[in-house]
């Protein structure tokens with residue numbers, strides 16, 4: 077975990093230090109009242125096991141004066157690659173979406189016909205509910221909702237829950253599943269300590285892999301980006317958690333749609349670029365955030381290494397792409413708005429560190445005002461700051 081100092085007036089960044097560098101941190105959620113940071117330690121294999129065992133979820137107590145994190149608790153996620161965390165409205169529970177893995181086990185199974193057949197099974201993929209202790213430490217895993225009802229295309233093999241985002245009124249947790257391309261809405265039954273599915277999950281575009289989502293702060297509007305599709309989609313949801321698709325907009329200019337990743341990056345950055353050493357250079361949407369007033373969406377794009385900016389029509393939720401801004405670095409990954417809403421902070425996973433862009437009155441981004449070189453930038457969270465109000 078890297079700790080950065082942010083100047084709220086001018087947007088300047090300064091790297092203070094890195095703590096617990098051995099942790100692979102994919103998502104964080106911060107309880108400001110108790111000063112506790114919860115993180116997903118995105119592992120395929122738990123170090124407590126000879127092999128396998130999945131990832132971990134940590135709670136750290138933060139001391140603002142010393143700027144130090146102290147481990148409070150560490151629990152097993154019981155699934156590989158925990159991907160996203162949300163606190164419930166009472167801060168007594170923590171919801172965790174687990175991406176799972178591509179691991180497979182081949183078994184010989186005797187069928188009803190008396191002959192032996194091949195059975196291939198995968199790691200579980202589920203959304204889990206943790207009980208929190210009085211001091212904020214993570215307690216027992218009290219409920220699991222496995223995503224196993226729907227088939228997934230060959231490139232994903234099985235379900236991959238990727239978000240567990242709470243709605244502004246605290247009623248719903250939305251889960252985008254990259255594997256089976258469904259969007260799930262859950263409610264939390266406090267008496268039984270379990271997650272309840274709100275009707276039939278919404279089947280998004282086949283194979284598009286819905287990834288991250290955002291709730292409008294005051295209206296029943298909901299937005300989703302995708303890992304394998306350049307569309308951002310707007311929905312309306314009702315009091316029962318049922319979704320109605322309103323429309324979509326592309327994150328790239330029309331002339332770049334369908335082009336290979338190197339060509340897209342060259343068009344946006346004005347320079348040619350060789351593929352990365354590992355040969356993995358997907359064109360996909362990553363981090364996703366909505367302005368506090370619900371007027372603008374910011375969508376991070378890997379491969380293109382850019383940020384797409386959308387205007388949100390206040391009544392209908394219709395999306396209009398305003399710009400696609402190149403970002404210095406490789407594998408643009410995370411994005412977060414400053415507490416006062418004046419800046420967008422963007423991370424790059426492979427190189428390029430963390431960049432800061434000022435936000436203009438019309439929602440568009442100005443030129444980068446600050447950048448810190450820092451490898452492995454993923455999820456971003458503000459621990460302090462003044463709200464715009």
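Residue numbers (the working numbering): 77 to 465. A virtual CB, placed ideally from N, CA and C, is assigned to each residue, including glycine.
CA-CA distance, residue 257 to residue 88, rounds to 39 Å.
Note: residue 78 is bridge-paired with 94 in the DSSP secondary-structure output. With a cutoff of 8 Å on beta-carbon distance, residue 99 and residue 430 are scored as not near each other. The beta-bridge partner set that DSSP reports for residue 386 consists of 373 and 397.
Burial check for residue 142: the Cβ neighbour count within 10 Å stays below 16, so the residue is exposed. Going by DSSP, residue 406 is part of the beta strand (DSSP E) stretching over 406-413.
For the pair residue 359 and residue 340, the CB atoms are nearer than the 8 Å cut-off. When only Cα atoms are considered, residue 230 and residue 255 end up about 9 Å apart.
Taking a C-beta distance under 8 Å as the contact criterion, residue 113 and residue 138 qualify as a contact pair. Taking a 10 Å sphere around the C-beta of residue 78, we find 16 or more other C-beta atoms and assign the residue as buried. In this structure, 382 is the residue among 315, 372, 382 and 342 with its C-alpha nearest to the C-alpha of residue 306. In this structure, DSSP gives residue 327 a state outside helix and strand, which the three-state scheme calls coil. Take the alpha-carbon of residue 298 and the one of residue 434: they are about 25 Å apart. Around the CB of residue 223, 16 or more other CB atoms lie within 10 Å, so the residue is classed as buried. Of the other Cβ atoms in all chains shown, fewer than 16 fall within 10 Å of the Cβ of residue 331; this residue is therefore exposed. With 16 or more neighbouring CB atoms inside 10 Å of its own CB, residue 261 falls in the buried class. A direct Cα-Cα distance of roughly 17 Å separates residue 162 from residue 273.
In the same chain as residue 94, and ignoring 5 residues on each side of it, the C-beta atoms closer than 6 Å to its own belong to 78, in chain order.
Here residue 167 is exposed. Its C-beta has fewer than 16 other C-beta atoms within 10 Å. In the structure shown, residue 340 falls within a helical segment according to DSSP collapsed to helix, strand and coil. By the Cβ rule, the stretch 235-251 does not count as touching the stretch 123-136, because fewer than three pairs are nearer than 8 Å. Ranked by how close their Cα comes to the Cα of residue 422, the residues 449, 437 and 436 have 449 in first place. The beta carbon of residue 412 sits closer than 7 Å to the beta carbons of 365, 421, 456, 457 and 458 from its chain, once the five residues preceding and following it are set aside; these are given in chain order. Residue environment for residue 175: buried (at least 16 other C-beta atoms within 10 angstroms of its C-beta). When the alpha-carbon of residue 318 is set against those of 346, 328, 287 and 279, the nearest one is in 279. Residue 335 sits away from residue 289, with the two beta carbons spaced by 8 Å or more.
With distances taken between CA atoms, residue 380 lies nearest to 357 out of 396, 357 and 395. Remark: C-beta atoms of residue 376 and residue 363 approach each other more closely than 8 Å. Going by C-alpha positions, residue 186 is about 9 Å away from residue 194. Setting aside the 5 residues that flank it on each side, residue 345 is surrounded in the same chain by 402, each with a C-beta closer than 6 Å to its C-beta; the list follows chain order.
For the pair residue 303 and residue 409, the Cα-to-Cα distance works out to about 12 Å.
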